[in-house]
């Protein structure tokens, strides 16, 4: 006889194993799933499809406070030196100097670079098709992700070099594979890990750490949180403050 599961049983199973990947899910991921379910149940109550919202009787595990990992100043200098001549030098430098999300970086087209007005127009991201292949999306991750970022003095020569050495491709992408196909986050991250390991920079090297390093440097330098929120494409200033206030104390 099949045992009936309570909502709490289902949520506890998600903490231990995702039905999609088989891996454990983070508290925040389970919370997001629960909030969507809660919203659906609330709608069902209003439509008189169910008599009460079962989610109201559930207490979730508290989410662990997210701690952003960053490269310190010495590691950033080492990384910039180690990147010279590497295939991923330009995209990694752009991330370090502008703090773009990985998908936003890889979704940049040459027409997004507006030297005349000194802006980068972030308008799309890299996503996946039904088969899991990387493709160019039509939008950014969130509405707040669609934004204009000022081109700073560090980034301008990097962007000009990238455009002049751009590989022809059907999507007009600024950064792509040698055959013109979409460059994936995994391949970029794999190269970054190899370079960091070679020069002895950090055990946990990954692309998102570059984004955190940019924003932490900005906060430490005194850039206003509101300006940083808009630059990073956060939907709420509290995300910016919660993520980087603790990190800067030790930077």
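Residue numbers (my numbering): 366 to 616. Just so it is clear, CB atoms sit at the ideal spot from N, CA and C, and this is done for glycine as well.
- In terms of residue numbering, what span does the alpha helix (DSSP H) encompassing residue 441 cover? 438-448
- Endpoints, alpha helix (DSSP H) assigned at residue 520: 520-529
- Item | Beta-carbon proximity of residue 502 to residue 491, cut-off 8 Å | yes
- Rounded to whole angstroms, what's the CA-CA distance from residue 370 to residue 397? Just pull it up for me. The straight-line gap from Cα to Cα measures roughly 20 Å.
- Task: Over the uninterrupted beta strand (DSSP E) stretch that includes residue 385, give me the two end residues.
- Result: Note, residue 385: premise wrong, no beta strand (DSSP E); not H, not E.
- Helix or strand or just coil, what does DSSP make of residue 377? helix
- Task: Measure the Cβ-Cβ separation of residue 479 and residue 488 and say whether it is below 8 Å.
- Result: no
- Leaving out the 5 sequence neighbours to the left and right, which residues in its chain are closer than 7 Å to residue 499 when beta-carbon positions are compared? 491, 493, 547 and 549
- Item | Cβ pair residue 409, residue 455 closer than 8 Å | no
- Task: Check the DSSP bridge columns for residue 474 and list the partner residues they point to.
- Result: 538
- Message: If you follow the beta strand (DSSP E) that residue 484 is in, where does it begin and where does it stop?
- Response: From DSSP, the beta strand (DSSP E) with residue 484 extends over 484-487.
- Figure out for me which residue from 495, 473 and 531 has the closest Cα to the Cα of residue 504. 473
- residue 423 in three-state terms, based on DSSP: Residue 423 falls in the coil class under three-state DSSP.
- Quick one: grab the DSSP three-state call for residue 552. The answer is helix: DSSP assigns residue 552 an H, G or I state.
- Compare the Cα-Cα distances from residue 520 to each of 450, 464 and 420 and report the closest residue. 464
- Message: For residue 415, tell me which candidate among 406, 421, 511 and 460 has the shortest Cα-Cα distance.
- Response: 406
- Would residue 523 be called buried (16 or more neighbouring beta carbons within 10 Å of its own) or exposed? Buried is the label assigned to residue 523, since at least 16 other Cβ atoms lie within 10 Å of its Cβ.
- Message: Can you tell me whether residue 570 is helix, strand or coil according to DSSP?
- Response: Note: residue 570 maps to coil in three-state DSSP.
- Task: My understanding is that residue 540 touches residue 448, with C-beta atoms under 8 Å, so please give their C-beta distance in whole angstroms.
- Result: Between residue 540 and residue 448 the beta-carbon gap is near 14 Å, outside 8 Å, which marks them as no contact.
- To which residues of the same chain is residue 510 closer than 6 Å at the C-beta, ignoring the five residues directly before and after it? The answer, listed in chain order, is 598.
- Extent of the continuous alpha helix (DSSP H) run through residue 398: 392-411
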